[in-house]
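Beneath this line is the structure, given in structure tokens, with notes to follow.
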Amino acid sequence: MGGPDSAPPPLSLAPFLPYGRQDIDQSDIDAVTAVLRGDWLTQGPAVEAFERALCERTGAAHAVSCANGTAALHLATLALGLGPGDAVVVPAVTFLATANAARYVGAEVAFADVDPDTGLMGPEQAEAAIERAARAGWRVRALAPVHFAGQTADMAGLAGLAARHGLAVVEDACHAIGSVDVTPDGRSLPVGSNGFGTLTAFSFHPVKTIAAGEGGAVTTNDPVLAARLRRFRNHGMERDPASFKDREAAFAADGTPNPWYYEMAEPGFNYRLTDIHSALALSQLARLDAFVERRRHLMDLYAERLAPLAPLLLPAARAPWCRPAWHLCAVRIDFAAAGRTRAQVMAGLRERGIGTQVHYIPVHRQPYWRDRCGDLALPGADAHYARTLSLPLFPVMADADVDRVATALTETLGLSASA
């Protein structure tokens, strides 16, 4: 037994369930090992193979891999030529990177409200943000819808709004590799196909549906934008002889390009993905369908097991216009009615071996954005934040783990005698 200062034993001795984690198998290990035993570690054949496979999976004409999802969003703003005086409409419920990417290039952010149940920005909320930006004297040039938790925003409606205003559409699909938009006429468009948008940004962080360790990508159907994406991810370097400006330095006397020559017309970044990361991402991409199917099964189990906790707890609201590849299980809890704060619920679940997270603190509430934009009234975002809690969701979870989570929630919310 421990002494008087020992911590009490945990309520659960079962393995701890984080809110998300990667699923690595021997095929992934073999893919990475093959790269380590080969000749290329950085920009080699694995990068090209992954980009081709991502095009095949999404239906996009071009895929440009990069260091992470934040880099993908930044590259998208650079490729579009956004800058000071421009503005991007961004939903308030997202990770910091979506808004930060606009500021990286000097553009402003017009925050949009979201549906309080799904956390998704719709056409009406985006229109209100455009109007607010116009009053501030900003020129809105792009919409950046976020596909929250794996569910897509209403892309048909947002694409129509963008067309009316002459805007580019940058889909933040960092949660949504494998998700599918269903058009009003019943067609299926994989996220990343850019059937509704201009550019789509992905993340392959370990808690996402496929993991690269760290990694990201941008897809587009525009060859000019694709060329700009590739240039900006590699220091702004240009190696295409047709684009060289200094003809005397670039070409030999016989007119052939000098083999060492490159030019930089504007600064870029070192946002390249390595062959090591690409090999892992390519191996994981081959398992994407299985990951998506498993996550959907677990979400259906959650809906069934958590149903008795309504109305105190409601499962994730489902958008009718998509088939999501679920990234998060973000449930809605009436903490006030439960008589417990969210911090108390999270602590109680952790004692029972259950990890949780909050997605997200609305970005417009961050000190930087308060100072820049004032105290915006976005009630949908605030209502979503007040109730949301993300529960464990990852492919190697067992069905019984969902039961564990449901039991722990029942106890922690004070709905059983063992609470």
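Taking this note's numbering, the leading residue of the sequence shown gets 3, the next gets one more, and so forth.
Every residue, glycine too, gets a C-beta built ideally from N, C-alpha and C.
query	result
In chain order, what residues of the same chain have a beta carbon less than 6 angstroms from the beta carbon of CYS57, not counting five sequence neighbours either side?	ALA65
Please list the terminal residues of the continuous alpha helix (DSSP H) segment that includes SER280.	277 to 287
Cα separation between THR35 and ALA338?	51 angstroms
Can you name, in chain order, every residue of its own chain whose Cβ lies under 8 angstroms from the Cβ of ALA161, other than the five neighbours on each side?	VAL171, PHE198, GLY199
Between the beta-carbon of ARG143 and the beta-carbon of ALA63, is there less than 8 angstroms?	no
What residue range is occupied by the uninterrupted beta strand (DSSP E) comprising PRO192?	190 to 192
Ignoring anything shorter than 3 residues, give me the beta strand (DSSP E) runs that lie fully in the region 62 to 132, in order along the chain.	64 to 68, 88 to 93, 110 to 114
Can you check DSSP and say which residues form a bridge with MET266?	MET239
Looking at C-alpha atoms only, which residue of ALA228, ARG406, LEU315, GLY416 is the closest neighbour of PHE18?	ARG406
Rounding to the nearest angstrom, what Cα-Cα distance links TRP328 and ALA292 in this structure?	12 angstroms
Taking a contact to mean a Cβ-Cβ separation below 8 angstroms, would you say VAL220 touches ALA74 in this structure?	yes
Identify which residue in HIS76, GLY168, LEU98, LEU43 has its Cα closest to the Cα of VAL107.	HIS76
Between ASP403 and GLY40, what straight-line distance do the alpha-carbon atoms span, to the nearest angstrom?	40 angstroms
Quick check on DSSP: helix, strand or coil for ILE363?	coil
Below 8 angstroms, can you find three or more Cβ-Cβ pairs linking the region 312 to 325 to the region 232 to 244?	no
Name the DSSP bridge partner or partners of VAL171?	LEU145
Verify whether the separation of the beta carbon atoms of PHE253 and GLU265 is less than 8 angstroms.	no
Please report the distance separating the alpha-carbon of HIS207 from that of LEU395.	15 angstroms
Do ARG344 and ASP119 have their beta-carbon atoms positioned less than 8 angstroms apart in this structure?	no
If you pair each beta-carbon of the region 271 to 282 with each one of the region 294 to 310, do three or more pairs fall below 8 angstroms?	no
Quick one, are the C-beta atoms of GLY188 and PHE204 less than 8 angstroms apart?	no
In this structure, what does DSSP give as the bridge partners for ASP183?	LEU191, CYS324
Mapping DSSP to helix, strand and coil, what is THR1?	Absent from the model: residue 1. The displayed extent of the chain is 3 to 421, so no value can be given.
What number of angstroms, rounded off, separates the C-alpha of TYR21 from the C-alpha of HIS177?	14 angstroms
Tell me which residues share the same chain as THR358 and place their Cβ nearer than 7 angstroms to its Cβ, disregarding the 5 neighbours each side in the sequence.	TYR21, MET348, LEU351, LEU391, SER392, LEU393
Please list, in chain order, all residues of the same chain as PRO364 whose beta carbon is under 7 angstroms from its beta carbon, the five residues on each side excluded.	ALA94, VAL95, LEU380, ALA383, ASP384, TYR387
Would you grab the beta carbon distance between ALA104 and VAL116 for me? Rounded to a whole angstrom, and I think it's under 8 angstroms.	About 17 angstroms; that fails the 8 angstroms criterion.
Taking the alpha helix (DSSP H) that VAL49 falls in, what are its first and last residues?	47 to 60
What does a CB cutoff of less than 6 angstroms around HIS279 pick up in its chain, not counting 5 residues either side in sequence?	ALA214, GLY215, GLY217
Confirm, please, whether the CB-CB distance from ASN260 to ASN223 is below 8 angstroms.	no
Could you tell me the alpha carbon to alpha carbon distance between MET157 and ARG134, rounded to whole angstroms?	21 angstroms
With a 10 Å radius around its C-beta and 16 neighbouring C-beta atoms as the bar for buried, classify VAL398 as buried or exposed.	exposed
Enumerate in chain order the residues of its own chain whose CB-to-CB distance from GLU268 is below 7 angstroms, with the five nearest sequence positions on each side excluded.	GLY238
Tell whether a beta-carbon distance below 8 angstroms holds between PHE113 and LEU378.	yes
Secondary structure at GLY199, three-state DSSP: helix, strand or coil?	coil
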